[in-house]
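Counting in our numbering, the sequence shown runs from 5 upward without gaps.
Working notes, beginning with the structure itself.
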Amino acid sequence: MTALNYIFFLLFVLFGIFFLYKGSLQVHDVLNPRRRLLFNGPESLLLFIFSTGLVALSSATGSVDLSAIRLLFLEGFCFWGIAVSDNRMRWSIPLFIYLLYMAWLCFGLTYAPYPSFGLRVILKYLYPLLIALFAATVVRYGEVFLKYGVTARNVGAIIVILGFVPYLFQTFLPGLIWYPTARSIHFISMCIFSLAFWQFCTHKRRDLLLAVLFILPCLVWVLRTSMMGFTLAAIVYALFRYRIKAIPWIVAAMAIFISVIFFVPEVKNKMFRNSDEVTLSDLRNNLSKEDIDSNGRFAMWEWSLENYYEPNKIWGSGTGTLQEVFYSGKVDFNGIRIVHNDYVQILCDNGLIGCILFIGILISALLHCWNVYNRSRSNTTRMAAIVAASTLAGIFLTSLTDNSINYSVATYSSAFGFYGMMVGMYWTERHSTKQTNGF
């Protein structure tokens, strides 16, 4: 099956070049199938790479890991697409903060003991920024945004269904699709898009059912990280959509989350050390950190912070330091190879400055999305704003208990892709009266 992954990789590269240089691509308008849209080369390329974020091409047999090489090609395609686009690249304050964060990561290489690992970390963080800039450059109209979202959602729905076929991805297609953890985090953005598409555009039960479909994997596979991400994404969505009226929805979301933890046996057994002795009443007074089964996370975090953050809280120990420590096996936490917390890794590698910049990206993006949501006169731009804000909040939360950035092609890039589309559409709305991309 390794040979199959090489074939898929070659096809991926060839299709990327084909879409970029074909010149034009006719696609159906998602709201009016009889109407066709004409995409230029960069628009076609972005549609292709945004819709294939779940493809990993990772090593499953100890051979060459094509996922890293594919990441380089993806970043090259983004640079290439921006360069040949007829549109000017559009920036925003959150993207400037992201650029500052990338500069700080690069500065962290100057005192990193393992620069090669630092470079790997930088490349993983670079891709979400590039796809946001690429989207902000080429996406100008709501029809394009909807086509991207629906196409990516359709691919995601197929992957959800195939993911329940026993042994398909593990045995017959090893490494082709991202791990269940990355997949379930990616599904946060697809779920929120489906919910927004239902409310803003179609009001069809099909879209609401698709939103529910994307929640199922994290429940069936008992993935606590993505459960948290889905819950926060739903809360942010409700706050944007209903403001003060969202309180009942927020209470309902929290109640469902807590109920799943305490009353679904599979989740409860995975959540607590002595699950039979833990009850809902313990949540108020008696529940402590020792009762939670963190799979060694708490010990890893404390050890990492003590050895690599405490000695230099402002600067950290250098970009890539913590990843090298865990990858090389210098410390053994029952064979765990990652620290399972992006914020701990940032603190250890790049100190308080790095962590403040990273959190600043989220806060500024949420404020920007809120501003666009309340000021825009376009339904699709407002939809992009609420989707971007909700998914960014949910995915940034997943980094609290996992290294979500390790799968940035499937996780962070989808959220930042939607954010970039919002930036491009809102700029067009303010500077142009043209509101269509069809013919």
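Every residue, glycine too, gets a C-beta built ideally from N, C-alpha and C.
Identity of the residues DSSP links to residue i by a beta bridge
{"i": "Phe173", "result": "Beta-bridge pairing links Phe173 to no other residue."}
{"i": "Ile296", "result": "Phe276"}
{"i": "Ile181", "result": "Val59"}
Where the alpha helix (DSSP H) through residue i begins and ends
{"i": "Val154", "result": "Gly146 to Gly167"}
{"i": "Ser28", "result": "Note, Ser28: premise wrong, no alpha helix (DSSP H); beta strand (DSSP E) at Ser28 to His32."}
{"i": "Thr325", "result": "Thr325 to Tyr331"}
{"i": "Arg209", "result": "Arg209 to Leu217"}
{"i": "Val224", "result": "Leu220 to Val224"}
{"i": "Gln349", "result": "Asp346 to Arg379"}
{"i": "Tyr312", "result": "Note, Tyr312: premise wrong, no alpha helix (DSSP H); not H, not E."}
{"i": "Pro119", "result": "Pro119 to Val142"}
{"i": "Arg386", "result": "Asn383 to Thr402"}
{"i": "Pro37", "result": "Premise fails: Pro37 is in no alpha helix (DSSP H) and is neither H nor E."}
{"i": "Cys110", "result": "Ile97 to Gly112"}
{"i": "Ala259", "result": "Ile251 to Phe267"}
{"i": "Ser417", "result": "Tyr416 to His435"}
{"i": "Ala237", "result": "Arg228 to Tyr246"}
Pair within 7 Å by beta-carbon distance, residue i and residue j
{"i": "Phe138", "j": "Leu50", "result": "yes"}
{"i": "Ser321", "j": "Tyr331", "result": "no"}
{"i": "Cys373", "j": "Ala397", "result": "no"}
{"i": "Phe81", "j": "Gly153", "result": "no"}
{"i": "Val125", "j": "Thr283", "result": "no"}
{"i": "Thr141", "j": "Ile101", "result": "no"}
{"i": "Ser48", "j": "Phe23", "result": "yes"}
{"i": "Leu97", "j": "Ser380", "result": "In the sequence on display, residue 97 carries Ile and not Leu. Going by C-beta atoms, Ile97 is not nearer than 7 Å to Ser380."}
{"i": "Phe121", "j": "Gln327", "result": "yes"}
{"i": "Leu356", "j": "Lys317", "result": "yes"}
{"i": "Trp319", "j": "Val348", "result": "no"}
{"i": "Arg94", "j": "Gly428", "result": "yes"}
{"i": "Leu150", "j": "Val34", "result": "yes"}
{"i": "Ser418", "j": "His190", "result": "yes"}
{"i": "Leu75", "j": "Leu18", "result": "no"}
{"i": "Ala60", "j": "Thr325", "result": "no"}
{"i": "Arg92", "j": "Thr432", "result": "no"}
{"i": "Phe173", "j": "Ile165", "result": "no"}
{"i": "Met275", "j": "Leu401", "result": "no"}
{"i": "Asn354", "j": "Gly112", "result": "yes"}
{"i": "Thr405", "j": "Thr206", "result": "no"}
{"i": "Leu42", "j": "Ser28", "result": "yes"}
{"i": "Ser62", "j": "Gly179", "result": "yes"}
Every unbroken alpha helix (DSSP H) inside the segment 41–91 [4 residues or more]
45–55 and 70–88
Stretch-stretch touch, CB-based, cutoff 8 Å, three pairs: the segment 121–136 with the segment 184–193:
no
Could you tell me whether the segment 105–117 touches the segment 48–59, using the rule of 3 or more Cβ pairs below 8 Å?
no
Inspect the CB distances between the segment 189–198 and the segment 417–431 and report whether three or more fall short of 8 Å.
yes
Tell me, please, whether the segment 252–262 touches the segment 227–239 by the rule of three or more beta-carbon pairs shorter than 8 Å.
yes
Given 8 Å, three or more beta-carbon pairs between the segment 67–79 and the segment 333–340
no
Does the pairing of the segment 200–210 with the segment 376–391 give three or more beta-carbon distances under 8 Å?
yes
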